[in-house]
Each structure stands twice: as structure tokens, then as C-alpha cells.
Amino acid sequence: MSTVSPTERRLETALPDEELLRLYRQMVLIRRFEERAEEQYTRDRIGGYLHLNIGEEATVVGTTTAMTADDYVFASYRDHGVALSLGTPVQAVMAELFGKETGVAHGRGGSMHLLDVQRHFLGGWGIVGAYIPIAVGAAFALDYERRPGAVMCLLGDGATATGAFHEALNLAGLWHLPCLFVVTNNGYGMGTSVERSSAEPELFKRAAAYKMPGERVDGQDVLAVREATARLLRLARDERQPSVLECITYRYRGHSPIDPGRGYRTPEEIESWRRRDPVDLFGQRLRERHLLSDDEAEQVAEDVEREVQAAIDFALQSPDPNPEALYQHIYGRQAAEQFSRMAPGAPFGERSIGAAPLTQEATPPDAPEQRAGG
Amino acid sequence: MSTVSPTERRLETALPDEELLRLYRQMVLIRRFEERAEEQYTRDRIGGYLHLNIGEEATVVGTTTAMTADDYVFASYRDHGVALSLGTPVQAVMAELFGKETGVAHGRGGSMHLLDVQRHFLGGWGIVGAYIPIAVGAAFALDYERRPGAVMCLLGDGATATGAFHEALNLAGLWHLPCLFVVTNNGYGMGTSVERSSAEPELFKRAAAYKMPGERVDGQDVLAVREATARLLRLARDERQPSVLECITYRYRGHSPIDPGRGYRTPEEIESWRRRDPVDLFGQRLRERHLLSDDEAEQVAEDVEREVQAAIDFALQSPDPNPEALYQHIYGRQAAEQFSRMAPGAPFGERSIGAAPLTQEATPPDAPEQRAGG
Amino acid sequence: MPQITYRQALQQALREEMARDERVIVMGEEIGEVTLTPSKVTEGLFQEFGAKRVLDTPISEEGFVGLGIGAATLGLRPVLEIMTINFVLVAMDQVINHAAKIRTMFGGELQVPMVIRMNVAQGSQLTAQHSQAFEAWFANTPGLKVVSPTTPYDAKGLMKSAIRDDDPVVFLEGGQYYSERGEVPEADFTVPIGLASVVREGADLTIVSHGYAVRRALRVAERLHGEGIDAEVIDLRSLRPLDVETVVASVRKTHRALCVEQGWPTYGVTAELAARIQRACFADLDAPVERVGGAEVPMPYARPLENAALVNDDKIYGAARQLLVESGMLARGVGAAPADAQPAGGNGRVPAGAAAGAVAG
Amino acid sequence: MPQITYRQALQQALREEMARDERVIVMGEEIGEVTLTPSKVTEGLFQEFGAKRVLDTPISEEGFVGLGIGAATLGLRPVLEIMTINFVLVAMDQVINHAAKIRTMFGGELQVPMVIRMNVAQGSQLTAQHSQAFEAWFANTPGLKVVSPTTPYDAKGLMKSAIRDDDPVVFLEGGQYYSERGEVPEADFTVPIGLASVVREGADLTIVSHGYAVRRALRVAERLHGEGIDAEVIDLRSLRPLDVETVVASVRKTHRALCVEQGWPTYGVTAELAARIQRACFADLDAPVERVGGAEVPMPYARPLENAALVNDDKIYGAARQLLVESGMLARGVGAAPADAQPAGGNGRVPAGAAAGAVAG
Ligand SMILES: Cc1ncc(C[n+]2csc(CCOP(=O)(O)OP(=O)(O)O)c2C)c(N)n1
Ligand SMILES: Cc1ncc(C[n+]2csc(CCOP(=O)(O)OP(=O)(O)O)c2C)c(N)n1
Ligand SMILES: [Mg+2]
Ligand SMILES: [Mg+2]
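Protein chains in written order, with the working numbering: chain A, 91 to 464; chain B, 91 to 464; chain C, 12 to 372; chain D, 12 to 372.
Okay, here's the thing in C-alpha cells:
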């Protein structure tokens, strides 16, 4: 467990005050956004699954704010905080949850599949563990094109049991690719505790199987998380050495709205974590260091409240995707011509609204950078 | 690297002379069987793939002869030696390679899919790594039925890169199942060296990721392999502690007949391993200890020669499976009735020889032991 | 007879078979100590049979499906739950290249008596990675059996048959109707694998489908009934073996066949149905076999897009009307076929755009 | 025009595209420093383009397919080799739930320009786990494109189209003909995805197939020619998109259709073909669409069993004769249909045993 205090001192001298305040603000924004999203879900304005970052704000903000402009990040379906922390317009995130054309994925992906190519957020993904090799592939591309950045792959404790995790880390270690695997250990995969899912519950130790450094950090301490992340991203960029960082944190809510979040954990356990609430903890520390007054804290809360409410209003007023566009974004440029000879004898049940031609993707094939925001 | 000499001393006092001679005989049998199989392949009496154990005799015999009557073993497609070492009739093994009804799998499986349920050999398998979870499942069944044995799963160095390896070892470690994972590290997966396929080339170290003991042993030393295997199988049986044993050995031949076995390794490398040939090494040691005279060695060679030749003759004279029986062994008891309403409108190309009804598997559904030879 | 839900029917079958046979175990993610899996079918089993026989696994589908196979080869009868069909993709090698192959490649010396339960729920905005129906792939695989009960009665009866079967059985459950009720006898009974059921009799048209689409087919049949058209509805119940006899007998009677599936129709289940019917009923058909399926797109999240992509009653109704028109039973234009259900035209040609849209979907 | 092998044609395409576009890389098992992969298509590329662009991977199909996808989302154009189609089963989730879904689920913000090459060789006693052909599953999946060239010319032309395509393309190669020769221009050319080719013209019967079965179909057409029957043979070349127009135009001309595939026909490629043809050519058909496929069994090892399981010329020939008889072009009994090719009988019924054997296979 990397001790926190020295880190802290180093950081608070290292980080300018406004940066410290920005971290705090992002944490408050995520907390409030998630609370309102939860409420919107119960009002049936959001469908499908909804996985909240409440309780994990320090881990989310500590990791994502340590990225340089060259770095990329991948996340699981529990991805709202990542987009918000990176500065994706709150309204575009909320609009995606509402399934609107103005959403970050134009209403096609919803809560689990946020992304922001411009800010190097390459997606929230729905299959546990399966996107880890994809993140390693992004690191491969950066390395191949001699680009300066590294890739940070956020994954859950439960994901470490997947074969994809093993194959991906072996490839990253073998080919010395610039990536950092951040295991957000919130104690459970749905209702299954780490102890019931992993033969080695100290997950960071698995790094050794790939000759990688692995370490564990207090995921409730945003500065500790940020320091470790920055250091290990540098290691990836400068020394082509991938590594594993395990952040110990907790989710207050259930896995998703269908899960009350009890049954597999005691009220006492939840309470004990609330006593180390990451947002309060950091606010407290800023106050102690006279970087945040009660009025300022009040101000932050108000600003965030207003911003989230505006996002909800924006999402509500935004247009739904047009059903005529069902066949858009399925294939790229060449498909319309290629599929033009397939109609005869087709079942037509699904053609009822299929009159729209295949989309001609705007992006030119020879501008991958532009396309993927590299 | 577990030092050999103490082991050795312990063993040579522990093992009766006839047992030592039996090990030697099995190693010679495997060597000779494989040489003749190779020759039969070139004479086109064997088809498909053919993976030989030549060079790996000490690992094969050392591991399999350490099993008790309660233990089970799984192997990859490189499986001839396992059956032979366990005492499966040589003629039934050769007949399977020849694709005859008298083969261990009635000509359905060929070289890659040998098995001997009575002797607890639960198969040679063709998909790299994929049978490791299946072996763990067998260990689960033993544990579930409170049976005394453990399961030994033989796998190659290349197989440790598969996701199946990771998921299987995690499950075995998590549920404290009685199994031993033996990594037969012959330096290469086809043409890819361990260094080019594994981020951690010291494969036994991967055991730690599952909180398991892992050790490495000289795979050319049959007694060292046998001692380690016996000890770790006991650990699995008595303490429900799975573990990993890495045996360092070498295959002289190419991966399979299509691979000359050069290109990715130097003649010097092959030569250096031949100087530590496992069969010679052990024969030499027996001679030094006056357990084996030149005449006796001569006798063993002759017996083996005769036995293998008899197996070839048997295989040649054995009947081919009857094409009318193509639909046998596809489904069990209940299928004939279940599929009886599927004929109308069927394409009939494949029906040309499909007149045979589905096999009624002989084994009663309520005799799993009998069925799987438990 | 008591009325119980589809979920309860499956629970009963599992409970009864576990009580009857020590070798039956249940395994999967979130199915034991707590049941967070959407199906909640295993609720209570952990409390009743304990941790030894009801096992929560890590997120390792490839691993625990393989583990189930190995346990089955030594005589256990595992019933595995794959939380939703989408996740079986990471265990595909275990199902296709192992469970289905073992009996044959070992010459009958080993067998895999195992049930793999999968929830095939589509819709409710679960999006592209969580809203698929590719059961045709399992039905295409020799060595496997594939069943798809849609009523509580069939759910219980087929589950018992599957557990007692000596081969691997892919057991498809429909998320949309876990809570629907139906009559289920308390007595021990089984429903044979490989037998379809005629869930509604009719003389004018045969609608063949499986899974949730059967529910829709029945509603559409009611609607057609109001217009004086009697549709026969067949619930396949098994996809492999496929009960072609029942389907063919019906089409010989009605001379018209409409095949419906939730999934992507091109290379889907309805393709095999149409191929079989046209061959066995060539002389009996008054019109080509028609098919309705989901839009051929990865499922989008937004509700209006998803609604447009999913099979719905109107699409089935429109296809049925179209079929009746093509076969001369209805005059063109007569009756109220919804605008969105216009046919592709006699020669099946439509503007390239529409074609691409339709099929390239 | 120079005569080169199918393997050389693929090599040329890869070499030319790698020279043309820095973003093209090649990845797979045993394809680089040494080429032990049966296809040997990548031979020489490592020496020419180096370790940076030609990568040998560990045995991690799920891992390196995912890696290819990630690299493609950032603009590279990976060409992956899966040693044989059988091994893609461990990477199925990456292909189906990721490569095919990414463009849609991210609203068009990401795309996956990637080629996945697979050798679909069957036979030569490779046994159950190494002798499958389930390409229909990929063709059933929206978001993917699936091509299957059978000539050196098409191999080179389609490989170039696939590499330049902005979507994931499953590229099926046939192990049986890597060494067969054909004319291939040295000039840069492409063969469009989604276009079938009529490889033999005829007026009496249309044989539709893909992959190695096309070779057999051509031989059978020759044999039929000797008996005064002119068969038209169509090589689909693409399975998704499927060029139904070319197939339908041919059947409208010949009034008879025989669909042939290497794989398991039930729920296979020929099912979709028969379904499409019967719908588009209902009035044109003189007999039901006939299908021929592999025996529905996991492939057995013994040669006589394997020969009985594989599609062969006699089975196709027998089916063709049967079709001509059913459609009244040949009198029953006339001509020498081999004994093993007797039809199922007018109503498609055969003794239960045979039925089970045939389809349960
Ligand atoms: C392969 C696969 N299996 C199962 C699921 C269902 N599932 C969704 S989230 C989840 C738990 C993941 O836990 P963890 O990795 O710890 O992430 P967390 O939800 O705690 O952030 C499971 C089992 C899935 N999405 N993918
Ligand atoms: C999943 C999978 N990918 C690829 C192959 C092809 N293949 C067969 S054996 C082999 C090498 C295995 O090497 P190793 O595990 O070291 O065993 P060895 O052959 O050395 O005994 C490969 C890549 C396969 N059978 N299965
Ligand atoms: Mg977790
Ligand atoms: Mg090896």
C-alpha cells in the first residue's frame, strides 16, 4: 500500500491551488450528476442499464486528470464519471443517457457506451474484460505511429477473472506497449466479492505474472490516485513498461438500478466506507489547508447543480434520432453500393422502416487521426 | 530449479529396482513407438496431424507413473506417450492412429484424441489450452463425489498464453480443487519460442497469480519429474492445494510432420539437447548403478521392437469403421426418437450414407462411473 | 392446475431434478448466495441445496462452461446459466468445439450430459452488445440440442427432459416472459425434445416461430381472426432437432407459411424453415414462404430506433396480409395493411437504397 | 497474364497493399519469422517489411483479435490471420460483439477497418475440432462483411478491396486450393465486395455455391454436360452482402436451383439461398430448390467415415440428377444417378431411422 502522506505533501506543493480546486469540482460534479441520473432513470427518461460512479469519484478523477493530452483512456460500462472528469460537455453526456441525437454517441450507445474521441476517451464497453485487449491495441497503434501518448485501461475487480485480461496483459508486457491497467477494486462484481471471485484477492499481485510492476493505492484519496497514475503513465510512455495499479474503493449504490445493493453486504460495511467518503475527505483536506471556504464549497455545489439541471433540460429538449436513420452508422462509405444487390427475396418485415440508404460516413478513409481524434 | 541429486538418492532407495526398470522400458517404448509412427505416417497409413513425444519421454513417464489408481490425467494432442506410459495396449493406440475400429477411440479421434477411460486418461485435446478448464471440471467432480483422486493436466508452454489457462487456474485455486497443472516446456509452441510468446518466460512463476505453489524441474530427469509430480499430486489430494509444475524439456522433431523443426532453432541447440537425451541419461544412470546390463538393455530394445511391430500388424489387419456407422456416436440414447421428425424437406446430399439410425449408446445413463471409468 | 410463472416453472424443474438426482448441480454468475442475474430462476436453490450444489462463479464463462463439461464427462449433470446469450460468445469454443464434439471424437467413450441455460431477452434498450439472438448458430451445430420453451408448462417439461438428456442441451429462455403465468401440473412430467406444438389451429395460414415471437404471432392471429382469417400458429419449442413434420403437415393444410423470428433473418432460423417448407410443400404453396425478423443492425439504444429495429406485431401482421394478398386470398389494397408493411414487389426488387437499408441493415 | 497460385495471389495483394499504405500490418500465429501456418500466405513478408509490421503472436486469438480492433479504431488497417476457422471460436466475442458492433454503438464515431483471414480447409483427417465450416454465422451478423474467393484472381482482388474497406471483413480462404493456379494481372485491380460471378453459363440448371464447393460444382457441370445437360454455376464470392440479384436472374432463366456448401446445411448458407430463391423465383421454379451439404456430424478421423461425411462430386451429381427428374427434365431412372444419391421421396419422408441419421447426423 503506497503510503499517502509523503505523496500528499509532494503533490500539494506540486499542484497549483486552482488545479486542486478543479479536482474537487469534478468530484462534486460526478456525485451530483449520478444522483440526478439515478432520479431521471426512475422517471423513465433513461432506459437500459445504468451504472453509477457514486463513491468512486476519487478513483475516477485521480486517474483521468493525471492523463496528458497525448494519453487515451478506455473504461467499462461504468463510465459517466470518466467523460465528465475529462470535460465532455455535461449536456452531451446526459443527452446520451436520454438516447438523444445530441448525445456523445448520437443516442446509439446510451449509458454504457459513452465516448469522446476529441478528449481521447475511447469508450465505455459492455462486455466485462473484453475491451482490455482493444485498449492494448490502441497502445499498439500509438507505439506503431511513434506517437507520444500511453493508454490507460480502467477495469473492475471482477474483470481480472476473464481470459481477456490475461491475454491482453501478456501481449502488453511481451511487446512493451505503453499502457497502464487500472483495476478499480470496489470490492464486488455485482454481488460477488473479490474473495469469492479471485484466487489471489490482492489483485495488483497479478502484474508479476507478466513481469510488470503492480501496486495498490487508496482509491478514496484523489491525490494518491493521481500521483500513482501520473507516475505509472510516465513509466509507460518513457520506458515502454506497462503496469497495474489497483485502486481500493467502494460503490455505495447497487451494481445497477435493479440491484438494491444489499443482501451481499452489511449496512455497517457501507456506513464504514461512507465515513471515508472521497468527496468529503478531499473537501475536508482543502478546508484544512484553507484552499476551500464554506462559501466556496457552497458555490461549487450551486454551479454544479445548475450545470446538471441545464444538461437535463438540454437532453429533454433534444430531438430523438429519426427512425428513418436506423440503418445509419452500421457500415461505412462503401456499403451502400456493396449491399445494393441483396434485396431480391429478402424477408421484408424489417424493411418496413428501412428505406433510408446506408450512411455515407463523413470521415475520409485516409484521415484516421481526424476520425479517431488521435 | 529443484536440485536433482538429493531427490535422486531419496528415490532410488524409495523405488524398487523393477519399478526403475519399468520406467526405463516405458521411455524406450515411447521413443520407438514414435519413430515407427513417424515412418507409418510417411507411408500414408496415418493421416491428419501427428505430434510426437520424442525427446520428452522423461517428462511423460515421470509424470504419468507418479499417478495413483485414483488420479486422472488430461493431455494435449501430443498424447501418444501418455497412453503408452499408462499401459494402454500398444496395438489399440497404433490402431487409433491408423483410424481403425479397434483403436482406443474406434477410429473417430485419431492421433490427437487418444483416451483410455479405464486407465483414467481422459483424452488428448486439439484446441490449445481449452481443455484446462475441462480438467478442472473433472477435479471438481472428484471433489464433489468425495472421491480420493486428483487430476493432472498436462499442457504446453504455448498454452499458458491462453485465456482458458487463466480462468481455469483461477477457478481451481479459488475452489481448492485437487489438480496439478504440468507445463511441459519444450521451449516452443510450433515455431514460437517461450521468450517470444510469454511476458514472463519463467512459466512456473505464473502460479503465484492464483496463490498456488509453482516449481520448475529438469524435464530430462525422469526421477526428478516423478518425485515432484508425486509430491504435488499428494498436495492436491491431501490438502486440496492445486499447483503448477514446469518441466524443462525439448522436442527433437518439428511440431508435426509438416514442420521440419528447423528455421526457428539451430542445429547446435538441438545437438546440445541430444547430449542430455532423457532415455540415454536414465539408461546410463541405471547402468552405473548396475541395475541394467548391456544385455538387458538389448533385451528391452528387442521386446519393444517386437511389441511395436505387432501393434502395426494388428492395426493393418484391423477393420475400418463402417461408413454406414457415420451417424454413430453423435448423440446418446434419446436422440433417435427426438430426431425422427426432422426429415421432411431435408437436403439429401448428406443423407446418401445416412441410413444408419442414431447409435443407442450402450452405457446406462445412471452409471457415470462405468461410463467414465471413475 | 396451479397457475405459476415461467420463472417458477423453471425453479420447480430445477428443484425437483436436484432432489431427484444428486448429480445435478447449478452453476453461473450471480445465481447463488444472491441472485442478481436478470432471470432470477435459481432464487432459493442456494438456501435449499447449499454452496456445494449451487455455485457462484467468477466472470469466467469460458472457464466455468469448460468446468461444467469436465464435470459432466465424469458423470455429473451440471445446469449452467449464462446470464444472457450475449455472454456465451466468450465461451463459444467450449460449447461448439468441446461440448458438441466430445462424444464423437472420443468414439462414444465420453459424453456431456449438461444443460446451458441462456436468457435471450431483446429490447428494453440494452443496446448492441446485450441484445442479440443468434440461437441459429447452436441449431447449426451437430452434437448439440437446442430447445426454446415459451410457456411455463413447456419450460418445466423441457427443463426436465434437458437435465435427463445424455447430450449437451442449449436451453433458451425468454427474458420477456419470466413473469408470465400458465397452468403447470405439480406431478412429475416431461415435454419431449424435438416436438413442436400447434398453439393455435387455423386453416388459412401457418405462422411458424419460436421464443417470444410466438406470443406476437398469437396476438396477430387474433387480429386476423377479427378480419375473418384463421391463422394456425406453431411454436417450434425445439430448434435442433427441428420438428419439420408438424410444420409441413400444417402448411399442406393452409398452403401459406409465414416464418417469424426475433433475430436477424438473413442466415437465421427462418431461412431454414423457408428452405424446408418450400422443398416439402412445393406443390402445396399458394405463395412463397414469407419471413419476418429483426432489423439487420446492431441494436441501437434510443427507444424510437430500437422500436424500429425489433420485430413487432404490425410487421408480422403486415407480412401476413401481404402473404394473403400474394396468394390471392385477399385482394390487393383490401384490408388495412399498415403503411410500414409494403411488400418488396412481385419481383422482390426495391430501390437500391431501400434494398441496402433493408438487408444491409 | 502470368499464372500464379492462390497463395501467391494473396501474397501479392498483401505485399502491394503494405507497400501502398503504411497503416497496413499483418498479425497472427506462426506467420512471421517462420511461417508454419498451413496457409503460408505471409511467407516472405517478415523479411520484406520487418518485425514492426509482421507480428507473430502468442496463442491468444481473443487477445490479438482484440488488439487488432483497438489498433484499427486508431486508424491502422490490421490484416489478421486465424490459422484455421476453428480457432476463431475462442475469439468469437471480439468478432461478433466488438468488431461488428463498434461503429453502431458509438454512433459512427469509431470504425474498425480490419481483415480477418481464416483458412476453411476441411477434410484430410483433421478430425472434429479442426474440420468445420460455420461461415454462415459471420454472414448472419450485421456489421460484418464476409467474402470467400475461390480463384487466384478473386483472391487478390477481394483482398485489396477488403484491406481498403472501412468495415471489418471476414476473409475466408480455402485450404484445398492454396496451390491452384490461375491468371492474375500484375496491374493493381480490385474485385468488388458483394458481387457474385457466373463461372459457367448454362440453361438447364443453376448450381449456387461458395468456397471449395464451387470447384466440385464445375466438375459436376462438366459431367452433366456429357449427358446433354447445361448447368450454370455461380460462385457467390461474398456471403454478406449476398448478391441475390445474380442468383435470381440465373434461376429465372434455368428454373432449377441446386445450392451446395461444404458445411452443415441445416441452418447453413444453403438455407438462406433456398429461402431467397423460393421467394424471388416462386413462379419460375420447376422444382423445389435442392441443397447439398456436409453430413451433420462432428468430422470423424477414419478416412472412410470422413469421405462419407464430406460433400463430394457424386452427392452433388446425384442431387442435380434428382432435381432434373423432379422437374420433369429427366425421366425417373434414366441416366446413371449413383445408388447413394436416392431422393427422400416426393413428400420428403424417409424411414425415421434414415431421417434421424440424415439430419440428426
Ligand atoms: C463476459 C460478461 N459476463 C457477464 C457480464 C454481466 N456483468 C456486467 S457487469 C458485471 C460485474 C463486473 O464487476 P467489476 O468488473 O468488478 O466491475 P464493477 O461493476 O464493480 O465496476 C457482470 C458480471 C458481462 N457484462 N460480460
Ligand atoms: C486455440 C488454438 N490456436 C492455435 C492452434 C494451433 N496450434 C496447435 S499446437 C500449437 C502450439 C502449441 O504449443 P505448446 O502449447 O507449447 O505445445 P507443444 O506443441 O509444444 O507440445 C498451435 C499454435 C490450436 N490448436 N488452438
Ligand atoms: Mg467491482
Ligand atoms: Mg511447447
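Glycine included, every Cβ here is placed at the ideal spot set by N, Cα and C.
Taking M117/B and I402/B to be in contact with their CB atoms under 8 Å, please state how far apart those CB atoms are, rounded to whole angstroms. By 1-based counting over the second sequence, the position of residue 117/B is 27. By 1-based counting over the second sequence, the position of residue 402/B is 312. Not really, about 20 Å apart at Cβ, beyond 8 Å.
Distance cut-off 7 Å: N412/B Cβ against heavy atoms of ligand 3: The residue labelled residue 412/B in the question sits at position 322 within the second sequence. Checking every heavy atom of ligand 3 against the Cβ of N412/B, none is found closer than 7 Å.
Report yes or no: do three or more beta-carbon pairs, one from the segment 156–174 of chain B and one from the segment 318–336 of chain B, lie closer than 8 Å? Yes, the segment 156–174 of chain B touches the segment 318–336 of chain B.
So does S166/A have its beta carbon nearer than 7 Å to some heavy atom of ligand 1? Position 76 of the first sequence holds residue 166/A. At least one heavy atom of ligand 1 lies less than 7 Å from the C-beta of S166/A.
Excluding the 5 residues flanking F57/C on each side, which residues of the same chain have their C-beta closer than 7 Å to its C-beta? As a position in the third sequence, residue 57/C is number 46, starting the count at 1. The answer, listed in chain order, is G43, E44, V65.
Can you find a heavy atom of ligand 3 that lies under 7 Å from the Cβ of Y278/A? Within the first sequence, residue 278/A is the residue found at index 188, counting from 1. Flag set: Cβ of Y278/A near ligand 3.
At what residues does the beta strand (DSSP E) containing S220/C begin and finish? One-based indexing of the third sequence puts residue 220/C at position 209. According to the DSSP assignment, S220/C belongs to the beta strand (DSSP E) that extends over 216–220.
On the three-state DSSP scale, how would you describe R327/B? Residue numbering aside, residue 327/B sits at position 237 when the second sequence is read from its first letter. Reduced to three states, the DSSP call for R327/B is helix.
If T153/A and V272/A are in contact, beta carbons under 8 Å, what's the gap, nearest whole angstrom? Translated into the one-based positions of the first sequence, residue 153/A becomes position 63. Translated into the one-based positions of the first sequence, residue 272/A becomes position 182. Going by Cβ atoms, the distance from T153/A to V272/A rounds to 5 Å, so yes, they are a contact pair.
Using a Cβ-Cβ distance under 8 Å, would G39/D count as near chain B? On the fourth sequence, residue 39/D is found 28 positions in, with the first residue counted as 1. For G39/D, not one C-beta of chain B is nearer than 8 Å to its own C-beta.
Run the proximity test for D247/B: is its beta-carbon closer than 7 Å to any non-hydrogen atom belonging to ligand 4? Here residue 247/B refers to the residue found at position 157 of the second sequence. The answer is yes for D247/B.
List, in order along the chain, the chain D residues whose C-beta lies closer than 8 Å to that of L232/B? What you label residue 232/B is simply residue 142 of the second sequence in a count that begins at 1. Going along chain D, no residue has its Cβ under 8 Å from L232/B, so there is no contact; the nearest lies around 25 Å.
Nearest chain A C-beta to L100/D closer than 8 Å, yes or no? By one-based count along the fourth sequence, residue 100/D stands at place 89. Output row for L100/D: interface = no.
Quickly, what does DSSP pair M129/C with across the bridge? List them, please. For this step, residue 129/C is matched to residue 118 along the third sequence. BP columns for M129/C point to I93/C, L183/C.
G145/B classed as buried or exposed, judged by whether at least 16 other C-beta atoms fall within 10 angstroms: Taking the second sequence and counting its residues from 1, the one referred to as residue 145/B is at position 55. It is buried - the Cβ of G145/B has at least 16 other Cβ atoms within 10 Å.
Using a Cβ-Cβ distance cut-off of 8 Å, determine whether P413/A contacts chain D. In the first sequence, residue 413/A corresponds to position 323, counting from 1. No, P413/A lies away from the interface with chain D (no Cβ there is under 8 Å from its Cβ).
Just to confirm, are A173/D and G213/D a CB contact at a threshold of 8 Å? The sequence position of residue 173/D within the fourth sequence is 162, counting from 1. The sequence position of residue 213/D within the fourth sequence is 202, counting from 1. When the beta-carbon positions are compared, A173/D and G213/D stay at least 8 Å from each other.
How long is the line joining the alpha carbons of I288/D and M202/B, rounded to whole angstroms? Here residue 288/D corresponds to residue number 277 of the fourth sequence, with the count starting at 1. Here residue 202/B corresponds to residue number 112 of the second sequence, with the count starting at 1. Rounded to whole angstroms, I288/D to M202/B spans 42 Å at the Cα level.
Backbone secondary structure at D403/B - three-state DSSP: Counting from 1 along the second sequence, the entry for residue 403/B is found at position 313. Helix.
Report yes if the CB atom of K190/A is closer than 8 Å to the CB atom of P409/A, and no otherwise. Against the first sequence, residue 190/A aligns to sequence position 100. Against the first sequence, residue 409/A aligns to sequence position 319. Yes, Cβ-Cβ distance for K190/A and P409/A is below 8 Å.
Taking only three categories from DSSP, how would you classify L25/C? Along the third sequence, one-based indexing puts residue 25/C at 14. The DSSP-derived three-state label of L25/C is helix.
Using alpha carbons as the reference points, say which of T277/C, M129/C, R175/C, L334/C lies closest to H266/C. For the purposes of this step, residue 266/C is taken as residue 255 along the third sequence, with counting starting at 1. For the residues T277/C, M129/C, R175/C, L334/C, the minimum Cα distance to H266/C belongs to L334/C.
Exposed or buried, which one is A240/A when buried takes at least 16 other CB atoms within 10 Å? In the first sequence, residue 240/A corresponds to position 150, counting from 1. A residue is called buried once 16 or more other Cβ atoms fall within 10 Å of its Cβ, and A240/A is buried on that count.
Suppose you measure from the CA of P299/C to the CA of T257/D; what does that come to, to the nearest Å? On the third sequence, residue 299/C is found 288 positions in, with the first residue counted as 1. On the fourth sequence, residue 257/D is found 246 positions in, with the first residue counted as 1. Taking the straight line joining both Cα atoms gives about 19 Å.
Here's a check: name, in chain order, each residue in its chain whose Cβ is nearer than 7 Å to the Cβ of D456/A, leaving out the five neighbours to either side. Stepping through the first sequence from its first residue, residue 456/A is reached at position 366. Because D456/A carries a pLDDT of 37, less than 50, the predicted location of this residue cannot be relied on, and no value is offered for it.
By a C-beta neighbour count over all protein chains shown, 10 Å radius and 16 as the cutoff for buried, is P309/D buried or exposed? Here residue 309/D corresponds to residue number 298 of the fourth sequence, with the count starting at 1. Buried, by the Cβ-count rule.
Following a CB-centred definition, is F145/D positioned closer than 7 Å to any heavy atom of ligand 2? Counting from 1 along the fourth sequence, the entry for residue 145/D is found at position 134. Not so, every heavy atom of ligand 2 lies at least 7 Å from the Cβ.
Closer than 8 Å between beta carbons: that is the criterion. Which residues of the segment 286–303 of chain D meet it against chain A? Per Cβ criterion, the list reads A286, R287, I288, Q289, R290, A291, C292.
Considering V275/B, what are the terminal residues of the beta strand (DSSP E) in which it resides? Start at 1 with the first residue of the second sequence, and residue 275/B comes out as number 185. Reading off the sequence, residue 275/B comes out as Asn, not Val. Start and end: 269–275.
So the candidates are L270/A, H345/A, G137/A, P368/A; which of them puts its Cα closest to the Cα of R321/A? Sequence index remark: in the first sequence, residue 321/A carries index 231 (1-based). When only C-alpha atoms are compared, the closest one is L270/A.
When you check each C-beta in the segment 216–231 of chain A against every C-beta of chain C, which residues fall closer than 8 Å? So the list reads G216, I217, V218, G219, A220, given in the order they occur along the chain.
Here's the rule: buried if 16 or more other CB atoms are within 10 angstroms of the residue's CB, otherwise exposed. What is M280/B? Stepping through the second sequence from its first residue, residue 280/B is reached at position 190. Burial call: buried.
Quick check on the DSSP output: the alpha helix (DSSP H) that includes T356/B runs from which residue to which? As a first step, residue 356/B must be located in the second sequence, where it is residue number 266. Unbroken run through T356/B: none, as it is neither H nor E.
List, in order along the chain, the chain B residues whose C-beta lies closer than 7 Å to that of I174/C? In the third sequence, residue 174/C corresponds to position 163, counting from 1. Per Cβ cutoff of 7 Å: no residues; I174/C is ~11 Å from chain B at best.
So is the beta-carbon of F271/B under 7 Å away from any non-hydrogen atom of ligand 2? As a position in the second sequence, residue 271/B is number 181, starting the count at 1. Not so, every heavy atom of ligand 2 lies at least 7 Å from the Cβ.
Less than 8 Å between the C-beta atoms of H170/B and L212/B, yes or no? For this step, residue 170/B is matched to residue 80 along the second sequence. For this step, residue 212/B is matched to residue 122 along the second sequence. L212/B sits away from H170/B, with the two beta carbons spaced by 8 Å or more.
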